[in-house]
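Student:
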Amino acid sequence: MQSWNIAYYNHFNMNSFIKYLNPVSHLGKKEYSVLFPLIFSITIPILSEIFAYQIANNPNIVGVYIIFIDVAAIIYFAFLRGIRGGAVAAIFPILYYLYIIYTRQYRDTQLTSAIETTIILAVLYLFLAVIIGWLKQTIDNLIEKEADGRRRLEAIIEQLPVGVIISDRNGKITHTNKQLETILGTKIPLGFVLGKDSNPLLSTHNGKPTTATQSPLYQSLNSGKPIVRKEFSLQRPDGKKIYVQVNASPIASHNKRIIAGASIIHDITPLREMELRKDDFINMASHELKTPITSMKLYIDSLLTKVKGYGDERALRSLNSLKYQTNKLQELVSDLLDVSRIQTGKLSFNREVFNITELIEETVDQLKESSRHHKLVFKSKTPIKAYADRFRIYQVLTNLLTNAIKYSPDGGEIEINLKRLKSTIEVSIKDSGIGISKEQQSKIFDRLYQVTDPKEKTFPGLGMGLYISKEIIKRHQGKIWLESQKDRGSTFFFSLPTGNLK
Ligand code: ADP
Numbered sequence: 004m005q006s007w008n009i010a011y012y013n014h015f016n017m018n019s020f021i022k023y024l025n026p027v028s029h030l031g032k033k034e035y036s037v038l039f040p041l042i043f044s045i046t047i048p049i050l051s052e053i054f055a056y057q058i059a060n061n062p063n064i065v066g067v068y069i070i071f072i073d074v075a076a077i078i079y080f081a082f083l084r085g086i087r088g089g090a091v092a093a094i095f096p097i098l099y100y101l102y103i104i105y106t107r108q109y110r111d112t113q114l115t116s117a118i119e120t121t122i123i124l125a126v127l128y129l130f131l132a133v134i135i136g137w138l139k140q141t142i143d144n145l146i147e148k149e150a151d152g153r154r155r156l157e158a159i160i161e162q163l164p165v166g167v168i169i170s171d172r173n174g175k176i177t178h179t180n181k182q183l184e185t186i187l188g189t190k191i192p193l194g195f196v197l198g199k200d201s202n203p204l205l206s207t208h209n210g211k212p213t214t215a216t217q218s219p220l221y222q223s224l225n226s227g228k229p230i231v232r233k234e235f236s237l238q239r240p241d242g243k244k245i246y247v248q249v250n251a252s253p254i255a256s257h258n259k260r261i262i263a264g265a266s267i268i269h270d271i272t273p274l275r276e277m278e279l280r281k282d283d284f285i286n287m288a289s290h291e292l293k294t295p296i297t298s299m300k301l302y303i304d305s306l307l308t309k310v311k312g313y314g315d316e317r318a319l320r321s322l323n324s325l326k327y328q329t330n331k332l333q334e335l336v337s338d339l340l341d342v343s344r345i346q347t348g349k350l351s352f353n354r355e356v357f358n359i360t361e362l363i364e365e366t367v368d369q370l371k372e373s374s375r376h377h378k379l380v381f382k383s384k385t386p387i388k389a390y391a392d393r394f395r396i397y398q399v400l401t402n403l404l405t406n407a408i409k410y411s412p413d414g415g416e417i418e419i420n421l422k423r424l425k426s427t428i429e430v431s432i433k434d435s436g437i438g439i440s441k442e443q444q445s446k447i448f449d450r451l452y453q454v455t456d457p458k459e460k461t462f463p464g465l466g467m468g469l470y471i472s473k474e475i476i477k478r479h480q481g482k483i484w485l486e487s488q489k490d491r492g493s494t495f496f497f498s499l500p501t502g503n504l505k
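The numbering of the sequence shown is the numbering used here, which starts it at 4 and goes up by one.
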C-alpha cells in the first residue's frame, strides 16, 4: 500500500516538474517571475568557475561552450518567462564575461577584442531576449483573449433558455448547458459520440430508445447542411413525455471545412399540450354542433315543404336563405372535424375504383350554379379510373374549385383538366384570379393559413380547405402543388398514383 503511495507521489511530482520546465505548457499563462532564470543564471557562472579552477585547473578553459549554454538559456527563459526572464538570462552572462576579463587580467589586444566580443554578445543576447520574450507575451495575450471570448460565450450559452449541444466535427459532444439537462431530465455526458453511442435514457414517444443517427446534429454534420425546426416527442427517464423542436447546424472554418456542430433544443411541450387541448376542444365542439345542425336542416326542409304549399314567397325566400346558411355552417363544422381528425391521426379512407372523369363532371355541374360570373370548363371526356376515397377526392375538387371561384372576383374562365400520365393521374384547375405571391405559395397549405394581404382580407374563410386537401392527397401517396403569379391567376394541380389500374 505504502509503495503504491510513494510511486504515485513520485509520478505526480515528476509530471508537475516536467510541466514546470516545459515552456509550451506555460503558454497563455502570464507568469513572468524571474526566480528560476535568476537561480539558473547565477548557478552557471559559479559552476563554470568551479570547473575551471578546481577540476580543469585552467582559468582559460571557460570559452565557447559557455556561449552555447547562454544562448540556449536565453531562448529557453524568454520563451518560458517572457522578456523579463530572457533579460535576466542575458544580463548575468554579460556580467560574468566582464568578470572573466577582469579576473583573467587580459591586456592590450586581447583585452580590446574581449571587450568588443562582450559588447557584440550583449547586443545579440538582449535582442534575442526581447524578440523571443515579446513573441511569447503576444501569444499569451492572444490565448488569453480567446479564452476570455470562450468564457463569455460559455456564460451566454449557460444562461440561454434553450438547450444547447456543441460537438466536434466527428459528433463527439464537447459542450452542453444546464437547460438541456432540465429539458431532457438527464445529462448527455461529454465525450458521447453521436452516431456511435446510443443514449438508453432517452426514448421516442413510442418507448423505443432513440438512435443517435436520428439526431439532427449528426445528420447536419454528415450532410454539411443546417437542419431547422425538426420536431420530436421523447420520453424522459422519469417517464414524462416531452416535445422538442431541434435546430442543428455545422460550423465551418473560413476555408469551409466543417470544424464543429451546434444544436439548439427548444422545449415546446407547453405549446403542444395547449395545441392538443385546443384540438380536443375543436373536436368536441364540432361533434356537439353536428347533431343540432342536422336536426335544424331537417326542420328547415319540412318547413320548406309546408311553406311551398301556402305559396308565401317572402317566407320561402327567408327559408331558402336559412337553408343556404345552415349548409355553410355544416360545411364549416365538417372541415373543423376533419382538421381535428388529421391532428389526432384519425382521418380514415375508404378506397375504391371509380371513374374520376365522371366525378369531376358531377362536381363541376354542382358548382356551375353557384356563380354566374364564372365559366367552368371541363373538356376531357375520356373515362379515367382512379383508386381512392371517392368522397375525399370530391372534397379536394370542391375545395380547389370553390377557391378558384372565390379568388377570381372579376369572374372569368376556370379551366379543369384531367390527364393520365405514366404512373399517375393529374388534375389541374386554372383560374385567372388574384394569384398568390412566391413567398405565400409555400405557406398556403399550412393549417389555418390565410394570405395576410389587407386587400385579400375581404375574402371569407378560415384557411382549412387547402390544409385538408393536402392531407387527403398526401395520405393517397399523391402530390398537390401550384403555379401562380400575383394578379395573374393560379393553377392548382394534384396527382394520384395509378398503382395497378389499367
Ligand atoms: P380559405 O379559402 O378558407 O381561406 P384555403 O386553405 O382554401 O382557405 O386557402 C388558403 C389561402 O390560400 C386562402 O386564404 C387564399 O389566400 C389562398 N388561395 C387559395 N386558393 C387560391 C386561388 N385559387 N387564388 C388565389 N389565392 C388562393
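Where a beta carbon is used, it is the ideal one built from N, C-alpha and C, also for glycine.
Curious, which full-length beta strand (DSSP E) runs of at least 3 residues does the segment 211-255 contain?
Tutor: If we require 3 residues or more, the beta strand (DSSP E) runs fully inside the segment 211-255 come out as 230-238 and 244-255.
Student: To test your reading of the DSSP string, which unbroken beta strand (DSSP E) runs of 3 or more residues are found completely within the segment 341-399?
Tutor: Within the segment 341-399, the complete beta strand (DSSP E) runs of at least 3 residues fall at 355-358, 377-381 and 388-391.
Student: On a Cα-Cα basis, can you pick out the residue from S51, G312 and K331 that is closest to K300?
Tutor: K331
Student: For G242, tell me which candidate among V367, E486 and T189 has the shortest Cα-Cα distance.
Tutor: T189
Student: Could you give the uninterrupted runs of the beta strand (DSSP E) lying entirely in the segment 115-186, keeping only those of 3 residues or more?
Tutor: Segments of the beta strand (DSSP E) lying fully in the segment 115-186: 166-171 and 176-179.
Student: Cα separation between L485 and F496?
Tutor: 6 angstroms
Student: How would you label F82, buried or exposed, when you count the other beta carbons within 10 angstroms and need 16 or more for buried?
Tutor: buried
Student: Around the Cβ of T179, are there at least 16 other Cβ atoms within 10 angstroms (buried) or fewer (exposed)?
Tutor: buried
Student: In this structure, does DSSP put T112 in helix, strand or coil?
Tutor: Reduced to three states, the DSSP call for T112 is helix.
Student: What does DSSP give as the partner residues of L3 in its beta bridges?
Tutor: Residue 3 lies beyond the range of the chain shown here (4 to 505); nothing can be said about it.
Student: Just to confirm my understanding: we take V310, look at its own chain, exclude 5 residues before and 5 after, and list those with CB closer than 7 angstroms. What are they?
Tutor: A318, L319 and L322
Student: Helix, strand or coil for P463? Go by DSSP, reduced to three states.
Tutor: coil
Student: Cβ of S440 within 7 angstroms of any heavy atom in the ligand ADP?
Tutor: Distance from the C-beta of S440 to the nearest heavy atom of the ligand ADP is not below 7 angstroms.
Student: Cutting at 8 angstroms between CB atoms, please list the residues of its own chain near K477, excluding the five before and the five after it.
Tutor: I483
Student: Per DSSP, what kind of secondary structure is S440 in: helix, strand or coil?
Tutor: Residue state for S440 is assigned as coil, using DSSP reduced to three classes.
Student: Between which two residues does the alpha helix (DSSP H) carrying H518 extend?
Tutor: The structure shown does not extend to residue 518, since the chain is modelled only from 4 through 505, so no value can be given for it.
Student: DSSP three-state label for G468, please.
Tutor: Correct three-state label for G468: helix.
Student: May I ask you to report which of helix, strand or coil DSSP gives L101?
Tutor: helix
Student: Determine which residues share a DSSP beta bridge with V430 and list them.
Tutor: L421 and F497
Student: Find the nearest neighbour of F195 within the set N173, K181 and I118, judged by alpha-carbon distance.
Tutor: N173
Student: Can you give me the C-alpha to C-alpha distance between R107 and S51, rounded to a whole angstrom?
Tutor: 14 angstroms
Student: Between which residues of its own chain and D490 is the CB-CB distance below 6 angstroms, once the five residues before and five after are set aside?
Tutor: G438
Student: Cβ of V231 within 7 angstroms of any heavy atom in the ligand ADP?
Tutor: Checking the Cβ of V231 against the ligand ADP gives no.
Student: To the nearest angstrom, how far is it from the Cα of P96 to the Cα of K139?
Tutor: 22 angstroms
Student: How about G436: is its Cβ closer than 7 angstroms to a heavy atom in the ligand ADP?
Tutor: Result yes, Cβ under 7 angstroms from the ligand ADP.
Student: Thinking I176 and L156 are a contact (beta carbons under 8 angstroms), I'd like their distance in whole angstroms, please.
Tutor: About 16 angstroms; that fails the 8 angstroms criterion.
Student: Does the ligand ADP have even one heavy atom less than 7 angstroms from the beta-carbon of G502?
Tutor: No, the ligand ADP has no heavy atom inside 7 angstroms of this Cβ.
Student: So, under 8 angstroms CB-CB, L325 and I345 are touching, yes? Tell me the CB distance rounded to an integer number of Å.
Tutor: Going by Cβ atoms, the distance from L325 to I345 rounds to 31 angstroms, so no, they are not a contact pair.
Student: By the 10 Å Cβ neighbour count, where 16 or more other Cβ atoms means buried, how is L362 classified, buried or exposed?
Tutor: It is buried - the Cβ of L362 has at least 16 other Cβ atoms within 10 Å.
Student: Can you have a look at Y327 and say buried or exposed, based on whether 16 or more other CB atoms are within 10 angstroms of its CB?
Tutor: exposed
Student: Just to confirm, does V380 get its C-beta within under 7 angstroms of one of the non-hydrogen atoms of the ligand ADP?
Tutor: no
Student: Going straight from the alpha carbon of I268 to that of D171, what length do you get?
Tutor: 17 angstroms
Student: Between the C-alpha atoms of I49 and T115, what's the straight-line distance to the nearest angstrom?
Tutor: Spanning the two alpha carbons is a distance of roughly 25 angstroms.
Student: Go ahead and label N353 buried or exposed: buried means 16 or more other beta carbons lie within 10 angstroms of its beta carbon, across all protein chains shown.
Tutor: exposed
Student: Looking at C-alpha atoms only, which residue of I53, S487 and D73 is the closest neighbour of I64?
Tutor: I53
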